[in-house]
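*Asks:*
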Amino acid sequence: MPADSALVLFSAGQDSTTCLAWALAHYPRVETVGFAYGQRHDVEMDQRGVVRDALRARFPEWGAKLGADHVLDASVLGQVAEDTALTGDAEIRMQENGLPNTFVPGRNIVFFTLAAATAYRRDLHRLVGGMCETDFSGYPDCRDDTLKALQVTLNLGMAGHFVIDTPLMWRDKADTWQLAAALGGPALIDLIVEHTHTCYRGDRRTRHDWGYGCGTCPACELRAQGYRRFRERSAS
Ligand code: ZN
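Under this note's numbering, think of the first position of the sequence shown as 8, with each following residue one higher.
1. Answer with buried or exposed for K155, where buried requires no fewer than 16 other C-beta atoms within 10 angstroms of its C-beta.
2. Can you tell me whether R208 sits near the ligand ZN, meaning its C-beta is under 8 Å from at least one heavy atom of the ligand?
3. What distance in whole Å lies between the Cβ atoms of L163 and L14, which are believed to be in contact at a cut-off of 8 Å?
4. With 16 other CB atoms within 10 Å as the buried threshold, where does W177 fall?
5. My parser needs the alpha helix (DSSP H) runs of 4 or more residues fully inside the stretch 74-142; what are they?
6. CB of T160 to nearest heavy atom of the ligand PLP: below 8 Å?
7. Please state if the CB of V78 and the CB of G209 are separated by a distance shorter than 9 Å.
8. On the three-state DSSP scale, how would you describe R63?
9. State whether the stretch 31-41 contacts the stretch 59-76, with contact taken as three or more CB pairs (one from each stretch) at a distance under 8 Å.
10. Taking the beta strand (DSSP E) that S12 belongs to, which residues open and close that run?
Written as structure tokens, this is what we have:
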């Protein structure tokens, strides 16, 4: 297992695209993995290829390191979490337990487990994910401690030496835009604005200065606020 190879959990969103750029800047061999789990829109799946192609075209030195894309069927999550706002038709709202109903229980645990199994087979060492404890929606499976514990479990359970990398863990959304600027300059910011997709509703009809989205769901609001703070910071 080469210590400098990576598998990026990639959904074509702002965060995972920034993580992919981060991995391409750090490791000579990078592959991506994505999950079809009954998302209520297909935009994520459609944008994956678009973002990967755009990265290759604009950053040829990264393109040379970018290997296979794996898409896994994780639709069983849709079966066990059918009433969540990410997989069903429910409106996005806060639940009594303090978590938004976009929370799919166990999702990141399943994703990392499937990613580790893929990495094992592909001889990849690092698992890179865009989880973040700073701007998170309270999702317990995005917490640093959850992922550190999972790393131990995966290594014990697969007799592996995986390292889970979460470059966004302690960054807010403005910092994430800042990281993209540091990694790939204005070209990467343009690429993220133009091609990545974060909106929970899968709406790509309206182009804002921060990218496409409905503009009102929690994911759009976070992305828009982060972009505004990033631009204010860059201007001062
Ligand atoms: Zn939205």
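Each residue gets a CB set at the ideal place from its N, CA and C atoms; glycine is no exception.
From a predicted model like this one, the values you see are computed outputs, not experimental measurements.
*Replies:* Taking the geometry as given:
1. exposed
2. yes
3. L14 to L163, Cβ: 19 Å. No contact.
4. exposed
5. 83-87 and 114-129
6. As presented, the structure is devoid of the ligand PLP, carrying the ligand ZN as its sole ligands.
7. no
8. helix
9. yes
10. S12 to L16
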